[in-house]
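Participant: Have a look at this one.
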Amino acid sequence: MDLLKDKVAVVTGGGSGIGRAIAELYAKEGAYVVIVGRREAPLKETAAGDKKISYVVGDITKSDNVANVVNYVKEKFGRLDILVNNAGWCPVQPIKEVTLADYDKAFDLDVRALVDMTIQCLPLIVKSKGNIINLSTVGATHRAPNLSMYVGAKAAVENFTRCWALELAADGVRVNAIAPGAIRTDIWNVTNLSDEDAKKHEEGIAATIPFGRFGSPTEVANVALFLASEMGSYVSGAIYAVDGGQGAA
Ligand SMILES: NC(=O)c1ccc[n+]([C@@H]2O[C@H](COP(=O)([O-])OP(=O)(O)OC[C@H]3O[C@@H](n4cnc5c(N)ncnc54)[C@H](OP(=O)(O)O)[C@@H]3O)[C@@H](O)[C@H]2O)c1
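First residue of the sequence shown? That's -8 in the working numbering, and the numbers climb one at a time after it.
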């Protein structure tokens, strides 16, 4: 349908999971998509699937790597229409075990890097009257035990989204967030829990989902397409739940 024909998008964490599904759908809809991550292999594999996808390898918790992404976009395309702040990490730990190093790791990526990426991309986004999509989580408003560092960070992301939507409305820039529920991706494989505890954690979450199943990355990407395209032209400051009804309770 070419809903994003000739738009330029950056998707952080676009080599896997939700970010990859968003990058692939945006490219299918006509956008040039730049994906970013620390590991080259998944980025390369994603880019190999569509000529409109290219990548920059980098750790976005480092400001100079964020600058590399922005410079790449400027040099290659000279414009940026859509920023998807998708890269995130979800520590699963009881507060009795959390250390400040854990706090730093969660907030460095889920909050600080997202702010850095936004600040550095903003001049281009303002120039194109583009839009920003931040990835939150259903947990930001419907908390669960052992996720405090993660849901605390994502609560900040939701409030950034609303503040930035207000501040940037006069520039014609829309800012929205997506709050996924349980989506089957690698994020579920990298918790600090043992295999047995991770399985119990997942089963506990699945039991709270009205749809009775995990979602797919594509189901999140479909909403990211709506928000990024002209179909979402009157939507800003919104937090879209994509959670099989989990957050409705
Ligand atoms: N899956 C879910 O159930 C779920 C639910 C709610 C919210 N979310 C949110 O959705 C977003 C995507 O998560 P996902 O489930 O798709 O997880 P994922 O597959 O683990 O993707 C995370 C991506 O972030 C990248 N990344 C991590 N640290 C990075 C860094 N320092 N610099 C650059 N890139 C980095 C990873 O690539 P590298 O490792 O190569 O850097 C990876 O591609 C996250 O914000 C997450 O919090 C997911």
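Virtual Cβ for every residue (Gly too), placed ideally from N, Cα, C.
Everything numeric in this text was worked out from a predicted model, so none of it was measured.
What's the gap between the Cα of residue 210 and the Cα of residue 135?
Facilitator: Between residue 210 and residue 135, the C-alpha separation is close to 23 angstroms.
Participant: With respect to 7 angstroms, is the separation between the Cβ of residue 171 and the closest non-hydrogen atom of ligand 1 below this value?
Facilitator: Residue 171 Cβ: within cutoff of ligand 1.
Participant: Counting only the same chain and skipping the five closest in sequence on each side, list residues whose C-beta sits under 8 angstroms from that of residue 51.
Facilitator: Correct list, in chain order: 3, 27, 57, 60, 78, 100, 104, 107, 108.
Participant: Do the stretch 67 to 85 and the stretch 17 to 33 touch if we need at least three Cβ pairs shorter than 8 angstroms?
Facilitator: With the cut-off at 8 angstroms, the stretch 67 to 85 and the stretch 17 to 33 touch.
Participant: Could you spell out the range, first to last residue, of the alpha helix (DSSP H) harbouring residue 37?
Facilitator: Where residue 37 is concerned, the enclosing alpha helix (DSSP H) stretches over 31 to 39.
Participant: Using C-beta distances below 6 angstroms, list every residue in its chain close to residue 34, excluding the 5 sequence neighbours before and after it, in chain order.
Facilitator: These residues qualify, in order along the chain: 6, 26, 28, 46.
Participant: Please list the segments of the beta strand (DSSP E) lying wholly inside the stretch 68 to 110, counting only runs of 3 or more residues, in order along the chain.
Facilitator: You should have 73 to 76.
Participant: Helix, strand or coil for residue 173, going by three-state DSSP, please let me know.
Facilitator: In this structure, residue 173 counts as coil in the three-state DSSP scheme.
Participant: Between residue 71 and residue 1, is the Cβ-Cβ spacing less than 8 angstroms?
Facilitator: Going by C-beta atoms, residue 71 is nearer than 8 angstroms to residue 1.
Participant: List the whole-angstrom C-beta distance separating residue 137 from residue 102, where the pair is believed to meet the contact cut-off of C-beta under 8 angstroms.
Facilitator: Residue 137 to residue 102, Cβ: 19 angstroms. No contact.
Participant: Let me know if residue 128 comes out buried or exposed under the rule of 16 or more other beta-carbons within 10 Å of its beta-carbon.
Facilitator: Buried, because 16 or more other Cβ atoms sit within 10 Å of the Cβ of residue 128.
Participant: Sorted by chain position, which residues of the same chain lie with C-beta nearer than 8 angstroms to residue 234's C-beta, five sequence neighbours on each side aside?
Facilitator: Cβ neighbours of residue 234 beyond the five flanking positions: 129, 170, 171, 172, 173, 200, 206.
Participant: Please confirm whether residue 213 and residue 166 have their CB atoms less than 8 angstroms apart.
Facilitator: The answer is no: Cβ separation not under 8 angstroms.
Participant: For a quick check, are the C-beta atoms of residue -1 and residue 22 less than 8 angstroms apart?
Facilitator: Closer than 8 angstroms, so yes.
Participant: Mind checking residue 90: buried by the 16 CB within 10 Å criterion, or exposed?
Facilitator: Classification for residue 90: exposed.
Participant: Among the candidates 238, 158, 9, whose CA atom is the shortest distance from the CA of residue 228?
Facilitator: If we check each option's Cα against that of residue 228, 158 comes out closest.
Participant: For residue 126, which residues does DSSP report across the bridge?
Facilitator: DSSP lists 169 as partners of residue 126.
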